[in-house]
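Chemist:
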Amino acid sequence: PENVYATGPTDGPRVPVANNFEQRIPHYTRRVEAKLDDVLPGSEIQPSRLHEAMRYAIFNGGKRVRPLLVYSAGECLGISESLLDSPAAAIELIHAFSLVHDDLPAMDDDDLRRGMPTLHRRFDEATAILAADAMQPLAFAVLADIDGVAGDARARLVKLVAEACGSMGMTGGQSMDLGAEGRSLDAAELEHMFALKTGALIHASVMSTCVLADPIPDGHTAALDGFGRTIGLAFQVRDDLLDVEGKTEDIGKPAGSDERMEKATYPSLFGIEASRRRCEELLGESLGYLEALPNAAALNWLARFIVDRGK
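The sequence shown begins at 776 in my numbering and counts up one residue at a time.
1. Taking just the CA atoms, how far does residue 842 sit from residue 863?
2. How about residue 970 and residue 999: are their beta carbons less than 8 Å apart?
3. Looking at C-beta atoms only, is the number of pairs between the region 804 to 824 and the region 857 to 873 that lie closer than 8 Å three or more?
4. Is DSSP giving residue 1066 helix, strand or coil here?
5. Tell me residue 888's beta-bridge partners as DSSP assigns them.
6. With distances taken Cα to Cα, identify the nearest neighbour of residue 980 among 968, 1001, 879, 912.
7. Let me make sure I understand the geometry here. Which of 989, 973, 1035 has the alpha-carbon closest to that of residue 939?
8. So, for residue 827: in the same chain, excluding its five sequence neighbours on each side, which residues have a beta-carbon less than 7 Å away from its beta-carbon?
9. Counting only the same chain and skipping the five closest in sequence on each side, list residues whose C-beta sits under 8 Å from that of residue 776.
10. Where do the ends of the alpha helix (DSSP H) carrying residue 993 lie?
11. Note down the Cα distance separating residue 725 from residue 911, rounded to an integer number of angstroms.
12. Near residue 834, which residues of its chain fall below 6 Å by C-beta distance, leaving aside the five closest residues on each side in sequence?
13. Would residue 923 be called buried (16 or more neighbouring beta carbons within 10 Å of its own) or exposed?
14. If you compare alpha carbons, which of 1072, 816, 957, 1033 is closest to residue 885?
15. Measure the alpha-carbon distance for residue 838 versus residue 1017 and round it to whole angstroms.
16. Using the Cα positions of residue 943 and residue 934, report the straight-line distance between them to the nearest angstrom.
17. Identify the continuous alpha helix (DSSP H) that holds residue 956 and give its terminal residues.
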């Protein structure tokens, strides 16, 4: 057939269409959303308003990039889908928890998320705080209750995700982000903040599969570690560009909000062209890590998608 290969947004290894992860995204999205539907209490259960708010935060769209990273890294390591559903759902719960808090008036004070009213606008501020607070422990309950996984592996998963969202991870990065408003950072400082604020949970998405792989071949853990860290940085640099170049109706949140709040971003500190170049550099680095892995076509496609989204 003529269209044997699909290529990404930059030069690099061509990916056979038969292995193109894009074709499997609806399948994996259905799996993680079914798991989320199963673990989230129904809105008919008291306290019903709180449970309705939790479900609103989860089932309001989104590309499910972090769960897709779990499934694509799982493909690379040959892990059963049934074992991947729980970390995929748990990490999406943590991500949703962080978005609800980020949108609050005390943080970014946003009115839109994924093209819909933010949780505190749709309900109220107190309910938004409580819904986010409830989603975080639920995520760890999901990780602690994976069928068919040994207790020590479940404990390592809990530790991995806890560290990714704590003061040395996502929450710490958000604190640094707030403290950097109106300030000028150098590239190393900015990328350190990105590595915590955004990269840590993306990295945990990839590395959760290494915990589940038994055994994992030599070199695979290091390759996935490097890939997860690098693509996490690329994700945030691309997010910064989308805030400048994207439209509200396309990106699902108010465009230009970073500039209005004097956020420290790649474009604001180094310019649009330098930000684009950094994205491409990080993509190249992440794809380089994948060369050491078998069956990495899904991760290859998803890395290119992360850097190409919104173009």
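Glycine included, every Cβ here is placed at the ideal spot set by N, Cα and C.
Modeler: On the basis of the data shown:
1. 4 Å
2. no
3. yes
4. coil
5. 891
6. 1001
7. 973
8. 818
9. Per-residue confidence for residue 776 stands at a pLDDT of 24, beneath the threshold of 50, marking its modelled position as unreliable; the derived number appears in the next sentence. Hits under 8 Å: none found.
10. No alpha helix (DSSP H) holds residue 993; DSSP gives it neither H nor E.
11. Outside the displayed span of the chain (776 to 1086) sits residue 725, for which this structure offers no information.
12. none
13. exposed
14. 1033
15. 15 Å
16. 13 Å
17. Where residue 956 is concerned, there is no enclosing alpha helix (DSSP H), given that its DSSP letter is neither H nor E.
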